[in-house]
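Quick note on numbering: the working numbering labels position 196 of the sequence shown as 236, and the sequence is numbered without any gaps.
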Amino acid sequence: MDDWADYEARFMTSSIESGFDHAYIVRCLAYARPLYDSCLPIIFNKDHLSLLVGYKLSYLIGAAQRTTSYYRIFSITKRSGGQRQISEPLPSLKEIQRWILDNILYRLPPSRFAKGFVPKRSIRENARFHRNQEKVLSLDLKDFFTSIRVNRVYLFFHSLGYSRPLSRLLTHLCTLDGSLPQGAPTSPALSNLINVQLDKRLGGFALKHNLRYTRYADDITFSGDLHAGRIIRFVQKVVGEDEMRLNEKKIRLMERHQRQEVTGITVNQKLQASRETRRRLRQAIYYIDKYGIDSHLNFTQNMRANYIKHLMGIANFILFVNPNDAEAKNALNILRRVQTFPPFPNQ
Numbered sequence: 041m042d043d044w045a046d047y048e049a050r051f052m053t054s055s056i057e058s059g060f061d062h063a064y065i066v067r068c069l070a071y072a073r074p075l076y077d078s079c080l081p082i083i084f085n086k087d088h089l090s091l092l093v094g095y096k097l098s099y100l101i102g103a104a105q106r107t108t109s110y111y112r113i114f115s116i117t118k119r120s121g122g123q124r125q126i127s128e129p130l131p132s133l134k135e136i137q138r139w140i141l142d143n144i145l146y147r148l149p150p151s152r153f154a155k156g157f158v159p160k161r162s163i164r165e166n167a168r169f170h171r172n173q174e175k176v177l178s179l180d181l182k183d184f185f186t187s188i189r190v191n192r193v194y195l196f197f198h199s200l201g202y203s204r205p206l207s208r209l210l211t212h213l214c215t216l217d218g219s220l221p222q223g224a225p226t227s228p229a230l231s232n233l234i235n236v237q238l239d240k241r242l243g244g245f246a247l248k249h250n251l252r253y254t255r256y257a258d259d260i261t262f263s264g265d266l267h268a269g270r271i272i273r274f275v276q277k278v279v280g281e282d283e284m285r286l287n288e289k290k291i292r293l294m295e296r297h298q299r300q301e302v303t304g305i306t307v308n309q310k311l312q313a314s315r316e317t318r319r320r321l322r323q324a325i326y327y328i329d330k331y332g333i334d335s336h337l338n339f340t341q342n343m344r345a346n347y348i349k350h351l352m353g354i355a356n357f358i359l360f361v362n363p364n365d366a367e368a369k370n371a372l373n374i375l376r377r378v379q380t381f382p383p384f385p386n387q
């Protein structure tokens, strides 16, 4: 007896014992089979989802209908300047979203062109794919998460085989104000899965013209001996059909004689963290080593309690990109010494 036959037999026995008629059992099994074949959790209705995630149905419905009450909204400073709004779900809703992520979304394969927020893929892999190319074209999708509207999320869940009422509930548990919130654990995976067709079209275009293509969240990169105008027009057409648009201020064409960067990593010859990242670390380490951590903090008026760990994080990132970076190795040695012998508190 194969696995499905075993499930079918157990389901029929349990359903008959519970008093369900044959026609209803057949309908349930017909609904369950495609989900089973796709290795997705079989969820028959909202009550069933409630049992699986471990929260009362009234809580799920409340979180779906009064969504804004279940989020903490705050802003962080973007590396390029300005503010980015983060919508963080409250712990209970986040736990429900984690269940959806682990049991549904992570069981589905994203496009091979998607490099961001995918287990076992990284920013380094994304950059490595474009190393030592004639030209690199970097594009940015404007307001990426919030441009993925609720109707696309609903169609995604329904396309998996879930019922309309269940798909609507799953959708509202994963969206805020009609779109994907930046800060929910489900948003990155949903953005990749919903954009599989977009990646397929852009990747197909690249292969047809002997180019390379990847997407790291909202960062789109083409490389090779490319014609930038033709690519930009095609990308604008394709993303426009999905109600997204390019950020025209962030279009960058980098030729071989220029510094070529992909998601903050230099890709001309060997992979390196950006020049600015390495310069900032080099400068901080120079003053810490020459004048001491106390003098450096006082001079820069830096009040960060985790400043040493912050610098160590930058050094580790540089080494993640290029494990042979001698300056970053030296910086880590100095920072470990400073961490072992911290400065005396001010008297």
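Don't be surprised by glycine CBs; every beta carbon is placed ideally from N, CA and C.
Note that the structure is a prediction, hence the values are computed from the model and not measured.
Who does residue i pair with in a DSSP beta bridge?
{"i": "tyrosine 256", "result": "Asp259"}
{"i": "serine 219", "result": "Arg189 and Leu216"}
{"i": "lysine 175", "result": "Gly264 and Glu295"}
{"i": "glutamine 312", "result": "Thr306"}
{"i": "arginine 322", "result": "Beta-bridge pairing links arginine 322 to no other residue."}
{"i": "aspartate 180", "result": "Asp259"}
{"i": "leucine 286", "result": "Leu181"}
{"i": "alanine 224", "result": "Gln222"}
{"i": "glutamate 301", "result": "Thr306"}
Given a cut-off of 8 Å, decide if residue j and residue i are closer than it, judged by their beta-carbon atoms.
{"i": "valine 66", "j": "leucine 181", "result": "no"}
{"i": "arginine 168", "j": "leucine 311", "result": "yes"}
{"i": "leucine 213", "j": "serine 231", "result": "no"}
{"i": "isoleucine 305", "j": "leucine 206", "result": "no"}
{"i": "leucine 75", "j": "proline 150", "result": "no"}
{"i": "glutamate 295", "j": "serine 314", "result": "no"}
{"i": "proline 166", "j": "threonine 107", "result": "In the sequence as presented, proline is not what sits at residue 166; that position holds asparagine. No, these two residues do not count as a Cβ contact at 8 Å."}
{"i": "serine 187", "j": "glutamate 283", "result": "yes"}
{"i": "phenylalanine 153", "j": "alanine 257", "result": "no"}
{"i": "glutamine 276", "j": "leucine 286", "result": "yes"}
{"i": "valine 361", "j": "arginine 164", "result": "yes"}
{"i": "leucine 251", "j": "alanine 268", "result": "no"}
{"i": "isoleucine 271", "j": "leucine 195", "result": "no"}
{"i": "isoleucine 291", "j": "leucine 179", "result": "yes"}
{"i": "valine 193", "j": "isoleucine 136", "result": "no"}
Kindly indicate the opening and closing residues of the beta strand (DSSP E) around residue i.
{"i": "arginine 124", "result": "123-129"}
{"i": "glutamate 295", "result": "292-295"}
{"i": "threonine 340", "result": "No beta strand (DSSP E) contains threonine 340, which is instead part of the alpha helix (DSSP H) from 333-340."}
{"i": "serine 231", "result": "Run containing serine 231: none in the beta strand (DSSP E); it sits in the alpha helix (DSSP H), 227-234."}
{"i": "phenylalanine 157", "result": "Run containing phenylalanine 157: none; DSSP gives neither H nor E here."}
{"i": "serine 90", "result": "Careful: serine 90 lies outside any beta strand (DSSP E), inside the alpha helix (DSSP H) at 86-93."}
{"i": "isoleucine 163", "result": "Where isoleucine 163 is concerned, there is no enclosing beta strand (DSSP E), although the alpha helix (DSSP H) it sits in stretches over 163-168."}
{"i": "threonine 117", "result": "111-117"}
Can you determine whether any heavy atom of the ligand HEM sits closer than 7 Å to the C-beta of residue i, and answer yes or no?
{"i": "arginine 252", "result": "No copy of the ligand HEM appears in this structure; indeed no ligand is present at all."}
Can you tell me where the alpha helix (DSSP H) holding residue i begins and where it ends?
{"i": "arginine 67", "result": "62-77"}
{"i": "isoleucine 56", "result": "43-57"}
{"i": "serine 98", "result": "97-105"}
{"i": "phenylalanine 360", "result": "347-361"}
For the candidate residues the options, whose alpha-carbon lies nearest to that of residue i?
{"i": "lysine 330", "options": "Phe357, Ala313 and Val378", "result": "Val378"}
{"i": "serine 127", "options": "Phe274, Ile348 and Ser115", "result": "Ser115"}
{"i": "alanine 70", "options": "Phe196, Gly201 and Ser109", "result": "Gly201"}
{"i": "aspartate 217", "options": "Ile113, Ile272, Arg320 and Arg299", "result": "Ile113"}
{"i": "aspartate 43", "options": "Ile56, Tyr64, Ser58 and Asp77", "result": "Asp77"}
{"i": "leucine 80", "options": "Gly102, Tyr110 and Tyr146", "result": "Tyr146"}
{"i": "threonine 303", "options": "Arg73, Tyr347 and Lys155", "result": "Lys155"}
{"i": "arginine 208", "options": "Arg189, Phe60, Ala49 and Pro225", "result": "Arg189"}
{"i": "glutamate 72", "options": "Ala45, Tyr95, Glu57 and Ser90", "result": "A small correction: the amino acid at residue 72 is alanine; glutamate does not occupy that position in the sequence shown. Taking only the C-alpha atoms, the option nearest alanine 72 is Ala45."}
{"i": "leucine 321", "options": "Leu375, Cys68 and Lys290", "result": "Leu375"}
{"i": "isoleucine 144", "options": "Leu89, Glu57, Phe60 and Tyr95", "result": "Leu89"}
{"i": "tyrosine 95", "options": "Arg319, Leu133 and Met52", "result": "Leu133"}
{"i": "aspartate 239", "options": "Gln222, Phe274 and Thr215", "result": "Phe274"}
{"i": "aspartate 87", "options": "Ser203, Thr215 and Lys175", "result": "Ser203"}
{"i": "lysine 349", "options": "Ala103, Ile333 and Gln341", "result": "Ile333"}
{"i": "arginine 328", "options": "Asn370, Ala49, Gly243 and Leu247", "result": "Correcting the residue type first, residue 328 is isoleucine in the shown sequence and not arginine. For the residues Asn370, Ala49, Gly243 and Leu247, the minimum Cα distance to isoleucine 328 belongs to Asn370."}
{"i": "glutamate 288", "options": "Tyr64, Gln105 and Asp259", "result": "Asp259"}
{"i": "alanine 104", "options": "Phe197, Asn191 and Thr215", "result": "Thr215"}
{"i": "cysteine 68", "options": "Ser58, Met52 and Gly59", "result": "Met52"}
{"i": "lysine 175", "options": "His297, Arg241 and Gly243", "result": "His297"}
{"i": "alanine 368", "options": "Ala246, Gln309 and Arg319", "result": "Arg319"}
Pop quiz: residue i and residue j are said to be a contact at Cβ under 8 Å. What is the actual Cβ separation, rounded to whole angstroms?
{"i": "isoleucine 358", "j": "aspartate 365", "result": "5 Å"}
{"i": "threonine 317", "j": "histidine 170", "result": "In fact, because the Cβ distance is near 18 Å, the residues do not count as touching under 8 Å."}
{"i": "methionine 352", "j": "leucine 337", "result": "In fact, because the Cβ distance is near 15 Å, the residues do not count as touching under 8 Å."}
{"i": "leucine 210", "j": "isoleucine 101", "result": "At roughly 12 Å, the Cβ-Cβ gap does not stay under 8 Å, so leucine 210 and isoleucine 101 are not in contact."}
{"i": "proline 225", "j": "arginine 124", "result": "With a Cβ gap of about 17 Å, proline 225 and arginine 124 do not count as contacting."}
{"i": "glutamine 323", "j": "glycine 264", "result": "Glutamine 323 to glycine 264, Cβ: 36 Å. No contact."}
{"i": "proline 228", "j": "phenylalanine 157", "result": "3 Å"}
{"i": "tyrosine 111", "j": "proline 129", "result": "6 Å"}
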